[in-house]
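Colleague:
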Amino acid sequence: MVRIIDDAFYVIRTICQLHICYVASTYEVFIRAGVLVIRLAAGEPDFNTPSVIVEVGINAICEGHTWYTPNAGLLDVCSPSDEVIIPGPFYVSYPEMARMADANPVIVETSLNNNFLLYPKVLESKLNEKSRVLILCSPSNPTGSVYPRKLMEEIAKIVAKHPRLLVLSDEIYEHIVYASTTHISLLLLCLECEREH
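Position 62, counted from 1, in the sequence shown is what the UniProt record's numbering calls 62; the numbers after and before it change by one each time, with no gaps.
(1) Buried or exposed: Met-1, going by 16 or more other Cβ atoms within 10 Å of its Cβ?
(2) Once DSSP output is grouped into helix, strand and coil, what is the label at Leu-191?
(3) Quick one: is Tyr-178 buried, meaning 16 or more other Cβ sit within 10 Å of its Cβ, or exposed?
(4) Taking buried to mean at least 16 other C-beta atoms within 10 Å of its own C-beta, is Leu-136 buried or exposed?
(5) What three-state label does DSSP hand Ile-61 in the structure shown?
(6) If you draw a straight line from the alpha carbon of His-66 to that of Ser-185, how long is it in whole angstroms?
(7) Between Cys-78 and chain E, is any beta-carbon pair separated by less than 8 angstroms?
(8) Please look up how many angstroms separate the CB atoms of Phe-116 and Pro-89, rounded, as I've assumed it's under 8 angstroms.
(9) Looking at Val-84 and Pro-105, is the spacing between their C-beta atoms short of 8 angstroms?
(10) Name the residue from Gly-57, Asn-114, Arg-99, Gly-144 whose alpha carbon lies nearest to the alpha carbon of His-175.
(11) Could you spell out the range, first to last residue, of the beta strand (DSSP E) harbouring Val-106?
(12) Could you check if Asn-113 is buried or exposed, using at least 16 other CB atoms within 10 Å of its CB as the buried criterion?
(13) Quick one: complete beta strand (DSSP E) runs, 3+ long, within the stretch 81-160?
(14) If Glu-171 sits next to Ser-131, beta carbons under 8 angstroms apart, how far is it from one beta carbon to the other, in whole angstroms?
(15) In this structure, does DSSP put Ser-51 in helix, strand or coil?
(16) Are the beta-carbon atoms belonging to Leu-168 and Val-159 less than 8 angstroms from one another?
(17) Quick check: what's the CA-CA separation for Leu-187 versus Pro-95?
(18) Quick check: is any heavy atom of the ligand MG less than 7 angstroms from the C-beta of Val-35?
(19) So what does DSSP say about Ser-185, is it helix, strand or coil?
(20) Whole angstroms is fine: what's the gap from Asn-59's alpha carbon to Tyr-68's?
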């Protein structure tokens with residue numbers, strides 16, 4: 001029992017305070033001082049929740065759907081010393097999720113010059129025998145960048161060459177794309193490839 005408690009405390013000590021929480025609390029200080037603040041930290045809309053969603057939420061609560069969804073995820077797939085590849089800029093919680101799973105986050109920086117997208121050659125150069133998970137977020141939080149089909153196909157080919165590598169494809173913003181951009185799901189792309197072969 002002591003070992004389990006020690007392990008839990010070790011994990012808790014290694015988790016940093018989320019920067020977004022710090023930024024959000026800083027906002028409040030400025031707002032109370034009367035400073036005009038444009039909030040860019042948390043993805044909160046500037047409108048009330050639509051009534052249809054409110055009704056569905058209330059019904060779910062009344063029907064007893066009040067439990068957390070399964071969240072084991074990375075804990076079940078990562079072992080100590082495994083690496084989680086995270087293209088940056090990234091959603092602030094990704095590195096802490098990796099650390100909670102006792103894995104090492106490997107941040108692969110991108111740049112404005114390549115629209116903050118992870119390019120195949122860069123990805124390939126970061127992969128090794130410890131690489132276990134690639135977190136791919138498209139449309140990206142925080143940049144909004146969307147991986148085009150050709151680039152996603154190239155990434156899929158690299159992933160296929162590394163059978164131990166799993167992809168955590170964060171597509172939560174799939175319906176929030178602008179201009180002529182189209183969201184491409186890596187999973188659907190892989191299923192298309194399987195059907196063709």
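Every residue, glycine too, gets a C-beta built ideally from N, C-alpha and C. Since the model is a prediction, treat every value here as computed from it, not as a measurement.
Modeller: So, from the listed chains and residues:
(1) By 1-based counting over the sequence shown, the position of residue 1 is 1. Caution applies to Met-1, whose pLDDT of 48 falls short of 50 and renders its modelled position unreliable; the value that the coordinates give is listed next. That one is exposed.
(2) In the sequence shown, the residue the question calls residue 191 occupies position 191. In the structure shown, Leu-191 sits in a helix (DSSP, three-state: H, G or I).
(3) In the sequence shown, the residue the question calls residue 178 occupies position 178. It is exposed - the Cβ of Tyr-178 has fewer than 16 other Cβ atoms within 10 Å.
(4) Mapped onto the sequence shown, residue 136 falls at position 136. Classification for Leu-136: buried.
(5) Position 61 of the sequence shown, counted from the start, is the residue given in the question as residue 61. Looking at Ile-61 - three-state DSSP - the assignment turns out to be helix.
(6) Locating residue 66 in the sequence shown gives position 66, counting from the first residue. Locating residue 185 in the sequence shown gives position 185, counting from the first residue. For the record, residue 66 in the displayed sequence is Thr; it is not His. Rounded to whole angstroms, Thr-66 to Ser-185 spans 30 angstroms at the Cα level.
(7) The structure shown has no chain E; it contains just one protein chain.
(8) Against the sequence shown, residue 116 aligns to sequence position 116. Against the sequence shown, residue 89 aligns to sequence position 89. With 8 angstroms as the limit, Phe-116 and Pro-89 qualify as a contact, their Cβ atoms being about 6 angstroms apart.
(9) Translated into positions along the sequence shown, residue 105 becomes position 105. Translated into positions along the sequence shown, residue 84 becomes position 84. It is a contact, given that the beta carbons lie within the stated cut-off.
(10) Translated into positions along the sequence shown, residue 175 becomes position 175. Selected option, being the one with the closest Cα: Gly-144.
(11) For the purposes of this step, residue 106 is taken as residue 106 along the sequence shown, with counting starting at 1. That run of the beta strand (DSSP E) goes 104-109.
(12) Your numbering for residue 113 matches position 113 in the sequence shown. Exposed, since its Cβ has fewer than 16 Cβ neighbours within 10 Å.
(13) 83-88, 104-109, 131-137
(14) Here residue 171 refers to the residue found at position 171 when the sequence shown is read from its first residue. Here residue 131 refers to the residue found at position 131 when the sequence shown is read from its first residue. Their Cβ separation, rounded to whole angstroms, is 21 angstroms, which puts Glu-171 and Ser-131 out of contact at 8 angstroms.
(15) In the sequence shown, counting from the first residue as 1, residue 51 sits at position 51. DSSP places Ser-51 in helix when its eight states are reduced to three.
(16) For the purposes of this step, residue 168 is taken as the residue at position 168 of the sequence shown. For the purposes of this step, residue 159 is taken as the residue at position 159 of the sequence shown. Taking 8 angstroms as the Cβ cut-off, Leu-168 and Val-159 do not qualify as a contacting pair.
(17) What you label residue 187 is simply residue 187 of the sequence shown in a count that begins at 1. What you label residue 95 is simply residue 95 of the sequence shown in a count that begins at 1. The alpha-carbon atoms of Leu-187 and Pro-95 are separated by roughly 23 angstroms.
(18) The ligand content of the structure shown is nil, which means the ligand MG is not present either.
(19) If you number the sequence shown from 1, residue 185 lands on position 185. Three-state result, Ser-185: coil.
(20) Taking the first residue of the sequence shown as 1, we reach residue 59 at position 59. Taking the first residue of the sequence shown as 1, we reach residue 68 at position 68. Each residue's alpha carbon lies about 16 angstroms from the other.
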